[in-house]
Each structure stands twice: as C-alpha cells, then as structure tokens.
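Residue numbers for the sequence shown follow this note's numbering, so the first one is 216 and each next one is one higher.
Every residue, glycine too, gets a C-beta built ideally from N, C-alpha and C.
Since this is a predicted model, take the numbers as computed values, not measurements.
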Amino acid sequence: MTVHFFTRLKSASLHENIFTQAAIEAIYSASKGVPRLVNSLATSSLMYACSIKQKHIDEEIVYQGQKDFDI
C-alpha cells in the first residue's frame, strides 16, 4: 500500500499493523497500485471491519469492503 496511507494511520496514533499481508496483497491487486484506489479500498475495508466490529483487516474483509462499497 502507499506510504501515505500508513503515515495517516500512524498520525492517528495506530502503531500496530491492522492489515494482514494477504489483505495488503488483495488491496494492491484490486487497485492495481493506483494510489487513489488503494486509499479508497483501504478506507472501505476499514469501514466494513468497523461495521462488523473487527480490529484486524484480512483478505475476506477487503473483498467484502470492495463489494459492499462498490469499489
């Protein structure tokens, strides 16, 4: 994912990695590395995870976030 996205998480006082390696790869694959799409998909994944009260983002959450938020 883009460095910018991780910088935003750290500035929000998050110091642990909440995205699994599989989730990062799924985000990159779905977005083809386009920064705007990476950020949109990561955000939709975070929103979906929050809606189901999950603290960590895995590949399934990325796919559900992508589907639920039409990205």
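Nearest-angstrom Cβ-Cβ length linking residue i and residue j, presumed shorter than 8 Å
{"i": "I276", "j": "S266", "result": "Contact flag wrong, Cβ pair sits at about 10 Å."}
Assigned secondary structure, residue i (DSSP; H/G/I helix, E/B strand, else coil)
{"i": "I276", "result": "helix"}
Residues near residue i in its chain [Cβ-Cβ closer than 7 Å; skip 5 each side]
{"i": "D269", "result": "The question names Asp, but residue 269 is Gln in the sequence shown. Result list for Q269: I276, in chain order."}
Distance CB(residue i)-CB(residue j) smaller than 7 Å
{"i": "I242", "j": "A257", "result": "yes"}
{"i": "H271", "j": "I233", "result": "yes"}
{"i": "Q279", "j": "A245", "result": "no"}
Other residues of its chain near residue i: CB distance less than 8 Å, five sequence neighbours each side excluded
{"i": "A237", "result": "D273 and E274"}
Any chain C beta carbon closer than 7 Å to residue i
{"i": "A264", "result": "In the structure shown, chain C cannot be found, because there is only a single protein chain."}
Close-in-space but distant-in-sequence residues of the same chain around residue i (CB under 6 Å, 5 per side omitted)
{"i": "K247", "result": "none"}
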